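Same order as they appear, the protein sequences are chains A and B.
Mapping the first sequence onto full-length UniProt numbering, position 32 (from 1) lands on 32, and the numbers just tick up by one.
Mapping the second sequence onto full-length UniProt numbering, position 142 (from 1) lands on 142, and the numbers just tick up by one.
Okay, so here's the structure we're looking at.
Number of protein chains: 2
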Amino acid sequence: MTTLMSPDELEAALRKVGAERYHNLHPFHHLLHGGKLNKGQVQAWALNRYCYQSIIPQKDAALMARCEDRELRREWLHRITDHDGYGEDLGGIERWLVLTDGLGLDRDYVMSKRGALATSRFATEAYRHFVAEKTLLEAVASSLTELFAPGIHKERISGMLEHYDFIDEKVIAYFKRRLDQAPKDADFALEYVKKNAKTPEQQQQVIAALTFKTDVLWAQLDALYFAYVDPGFIPPGAFRPTGK
Amino acid sequence: MTTLMSPDELEAALRKVGAERYHNLHPFHHLLHGGKLNKGQVQAWALNRYCYQSIIPQKDAALMARCEDRELRREWLHRITDHDGYGEDLGGIERWLVLTDGLGLDRDYVMSKRGALATSRFATEAYRHFVAEKTLLEAVASSLTELFAPGIHKERISGMLEHYDFIDEKVIAYFKRRLDQAPKDADFALEYVKKNAKTPEQQQQVIAALTFKTDVLWAQLDALYFAYVDPGFIPPGAFRPTGK
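If you want it as structure tokens, here you go:
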């Protein structure tokens, strides 16, 4: 029923998934970047998003753990060090904790994920399991949301610096670094799937993997919006901003 | 820091988790049982809840797959047949599909989970992975929400029959059957954890496992409320009731 696409048609289909489902379209992001959130809501976003940051090196290790191709492992390795750091570079997770420090959150509390929404944990763990259990091609394809990341990082840097007096250049360092890192990774993964998705079924798997990943990101913002914006029902045990 | 509880103290601690976190407390359930939802919203609930129903035999098989105790496997097996059926009994999942049939939903669409909220999939898959990856004691403990199920099933049967003209005895058969099944299972699991949680650490693991499971149920209702009640933002690709 489905027919084989050319590599460029596959790329176009993948970019269409991003245009329709990437989380820059979510109303929570409009509020975040537009300066419409209060400090407690930005705290909630940062501590929940830590669940996502913290899972990245694990999902990249899960990919390498089932990858028999040494060249691909060599290429993939820097994704782990980008986040965990190596030697003197403390890495992206540390930069994320500088952000949560700057927002006045206790580091142990953030790292324990105790106050995170259950959906943040479930969605990010789903990503780790997806990478561990699906085919290598699908695992690579699920990283392709990075194709769309630079735009959102630029919006976030300018929007948050402009609108929030509790945000400065230091705490926003995470996103600046990702502006350099994400495009290289995305280009590699895009070329990989264009080359290795050789059947209509594999091409559909690649599209489904990217769709899955957009769901992972979107569901986290749904849960944040529900708990901290409207209707504002914070689940039992989750972070409550001061005064709530 | 934590001290050893008596088995009865452990039971009291587990019942406290239920009293504070079981999803009968969620506003979505008040709407559902109180007749405050329209048919499209009840459809959304039933097709999303199918994700949970469908994962139960898999999580029970995951428990048996890592269980070296033949007696426990023999005891546990009927949980699979309760849901999958055996011989002439078609089981609980079939009864759930009778409910979704009765609500006018296409069976293939429901079973594909294509229209389910991503959070419904992530939360239920988190449950399956929890059972597969944690200790056997924690896996058993995560089933303990059944201690609190009979109350919610009774509320649901009477509330839905009374308030919705699209609900009748036939489509609600699932819940009637669970009134008999759930208490036996819950009693067994409760006695098991009371007997086998022998250290303070194990007792805390048991409480954490039940807390995790209440999160699994709660997060699903958060997502339903967000998408279909207030603010009513249906994520890309999810079920849209007729006219939405």
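Quick reminder that beta carbons are idealized off the backbone N, C-alpha and C, glycines included.
Remember, predicted model here, so these are calculated numbers, not experimental data.
Excluding sequence positions up to five away, which residues of its chain have a Cβ less than 7 Å from the Cβ of A:Ala61?
Walking along the first sequence from the start, residue 61 of chain A turns up at place 61. Same-chain partners within the cutoff: Ile80.
For chain A, is any of its Cβ atoms less than 8 Å away from the one on B:Phe239?
Translated into the one-based positions of the second sequence, residue 239 of chain B becomes position 239. Taking a beta-carbon distance threshold of 8 Å, B:Phe239 does not count as an interface residue toward chain A.
Sequence-distant residues of the same chain with beta carbon closer than 7 Å to A:Tyr109, five excluded per side
Position 109 of the first sequence holds residue 109 of chain A. Contacts found: Gly115.
Members of the stretch 4–37 of chain A near chain B, C-beta cut-off 7 Å
Look at the stretch 4–37 of chain A: the residues with a C-beta under 7 Å from a C-beta of chain B are Glu20, Arg21, Pro27.
Give a yes or no on whether 8 Å exceeds the smallest Cβ distance from B:Gly208 to chain A.
Taking the second sequence and counting its residues from 1, the one referred to as residue 208 of chain B is at position 208. A small correction: the amino acid at residue 208 of chain B is Ala; Gly does not occupy that position in the sequence shown. No, no contact with chain A.
Taking 8 Å as the cut-off, does the stretch 132–145 of chain B touch the stretch 205–214 of chain B (at least 3 CB pairs, one atom from each stretch)?
Contact between the stretch 205–214 of chain B and the stretch 132–145 of chain B is present, because at least three Cβ pairs lie under 8 Å.
Between the stretch 121–137 of chain A and chain B, which residues of the former have a C-beta closer than 8 Å to a C-beta of the latter?
Answer in chain order: Arg121, Phe122, Ala123, Glu125, Ala126, His129.
Classify B:Glu68: buried if its beta carbon has 16 or more other beta carbons within 10 angstroms, exposed otherwise.
In the second sequence, the residue the question calls residue 68 of chain B occupies position 68. A residue is called buried when at least 16 other Cβ atoms come within 10 angstroms of its Cβ; B:Glu68 does not meet this threshold and is exposed.
Strictly below 8 Å CB to CB, what residues from chain B border A:Phe233?
Here the question's residue 233 of chain A lines up with position 233 in the first sequence. Going along chain B in sequence order, the residues near A:Phe233 (Cβ under 8 Å) are Pro27, Asp222, Tyr225.
With a cut-off of 8 Å on the beta carbons, I'd call B:Gly34 and B:His153 a contact; round off their distance for me.
Taking the second sequence and counting its residues from 1, the one referred to as residue 34 of chain B is at position 34. Taking the second sequence and counting its residues from 1, the one referred to as residue 153 of chain B is at position 153. Incorrect: roughly 16 Å between the Cβ atoms, too far for contact.
Please list, in chain order, the chain B residues whose beta carbon lies closer than 8 Å to that of A:Thr119.
Numbered from 1 along the first sequence, position 119 holds the residue referred to as residue 119 of chain A. What A:Thr119 touches in chain B: Thr119, Phe122, Ala123, Ala219, Asp222, Ala223.
What residues of chain B sit near A:Asp215, judged by a beta carbon separation below 7 Å?
Position 215 of the first sequence holds residue 215 of chain A. The answer, in chain order, is Ala118.
Proximity to A:Arg49 [Cα-Cα], best of A:Arg121, A:Glu9, A:Glu20:
Position 49 of the first sequence holds residue 49 of chain A. When the alpha-carbon of A:Arg49 is set against those of A:Arg121, A:Glu9, A:Glu20, the nearest one is in A:Arg121.
Run the CB neighbour count on B:Ser54, radius 10 Å, all protein chains shown included, and call it buried at 16 or more, exposed below.
Taking the second sequence and counting its residues from 1, one reaches residue 54 of chain B at position 54. Buried: at least 16 other Cβ atoms inside 10 Å.
Please report how far the alpha carbon of B:Ala219 lies from the alpha carbon of A:Ala118, in whole angstroms.
Along the second sequence, read from residue 1 onward, the residue named residue 219 of chain B stands at position 219. Along the first sequence, read from residue 1 onward, the residue named residue 118 of chain A stands at position 118. If you take the alpha carbons of B:Ala219 and A:Ala118, they lie about 6 Å apart.
Quick one: residues in its chain with C-beta nearer than 8 Å to the C-beta of A:Gly76, no 5 flanking neighbours on either side, listed in chain order?
Within the first sequence, residue 76 of chain A is the residue found at index 76, counting from 1. One point to set straight first is that residue 76 of chain A is Trp, not Gly, in the sequence displayed. Counting only Cβ-Cβ distances below 8 Å, and skipping sequence neighbours, we find Asp60, Leu63, Met64, Cys67.
Beta-carbon gap between B:Leu10 and B:Ala149 smaller than 8 Å
Here the question's residue 10 of chain B lines up with position 10 in the second sequence. Here the question's residue 149 of chain B lines up with position 149 in the second sequence. Not a contact, by the Cβ cut-off of 8 Å.
CA-CA distance, B:Tyr174 and B:Arg95?
Sequence index remark: in the second sequence, residue 174 of chain B carries index 174 (1-based). Sequence index remark: in the second sequence, residue 95 of chain B carries index 95 (1-based). C-alpha separation (whole angstroms): 5 Å.
Residues near A:Tyr225 in its chain [Cβ-Cβ closer than 6 Å; skip 5 each side]:
Counting from 1 along the first sequence, the entry for residue 225 of chain A is found at position 225. If you ignore the 5 residues before and after A:Tyr225, its C-beta comes within less than 6 Å of the C-beta of Phe28, all in its own chain and listed in chain order.
Taking C-alpha atoms, which residue in B:Asp165, B:Ile172, B:Phe166 lies nearest to B:Glu155?
Here the question's residue 155 of chain B lines up with position 155 in the second sequence. Comparing Cα-Cα distances from B:Glu155 to each of B:Asp165, B:Ile172, B:Phe166, the minimum goes to B:Ile172.
Just the chain A side, please: which residues come within less than 8 Å of B:Asp230 by C-beta, in chain order?
Indexing the second sequence from 1 puts residue 230 of chain B at position 230. Chain-order list of chain A residues neighbouring B:Asp230: Asp230, Pro231, by C-beta distance under 8 Å.
For B:Pro236 and chain A, any beta-carbon pair shorter than 8 Å?
Translated into positions along the second sequence, residue 236 of chain B becomes position 236. So yes, B:Pro236 belongs to the interface.
Could you name the residues that DSSP lists as bridge partners for A:Tyr86?
Along the first sequence, read from residue 1 onward, the residue named residue 86 of chain A stands at position 86. Per DSSP, A:Asp89.
Between which residues of its own chain and B:Pro7 is the CB-CB distance below 6 Å, once the five residues before and five after are set aside?
Position 7 of the second sequence, counting from 1, holds the residue named residue 7 of chain B. Correct list, in chain order: Lys194.
Sequence-distant residues of the same chain with beta carbon closer than 6 Å to residue 248 of chain B, five excluded per side:
Any answer about residue 248 of chain B is impossible in this case: the structure gives chain B only from 1 up to 244.
Nearer than 7 Å: is that true of the beta carbon of A:Thr81 relative to any heavy atom of the ligand ATP?
In the structure shown, the ligand ATP is absent, as is every other ligand, since no ligand is present at all.
Within 10 angstroms of the Cβ of B:Thr124, are there 16 or more other Cβ atoms? Answer buried if so, exposed if not.
Here residue 124 of chain B is taken as the residue at index 124 of the second sequence, counted from 1. Classification of B:Thr124: buried, given that the 10 Å Cβ count is 16 or more.
Quick check for students: name the residue ranges of the alpha helix (DSSP H) that lie wholly in the stretch 41–128 of chain B, counting only runs of 4 or more.
Qualifying alpha helix (DSSP H) stretches, in chain order: 70–84, 91–102, 107–112.
Can you say whether A:Pro200 is buried or exposed, counting buried as having 16 or more other CB atoms within 10 angstroms of its CB?
Residue numbering aside, residue 200 of chain A sits at position 200 when the first sequence is read from its first letter. By the Cβ-count criterion, A:Pro200 is exposed, with fewer than 16 other Cβ atoms from all chains shown falling within 10 Å of its own Cβ.
Would you decide whether B:Gly232 is buried or exposed? Buried here means 16 or more other CB atoms lie within 10 Å of its CB.
Position 232 of the second sequence, counted from the first residue, corresponds to residue 232 of chain B. B:Gly232 comes out exposed.
With DSSP collapsed to three states, give me the class of B:Gly151.
Taking the second sequence and counting its residues from 1, one reaches residue 151 of chain B at position 151. In the displayed model, B:Gly151 falls within a helix according to three-state DSSP.
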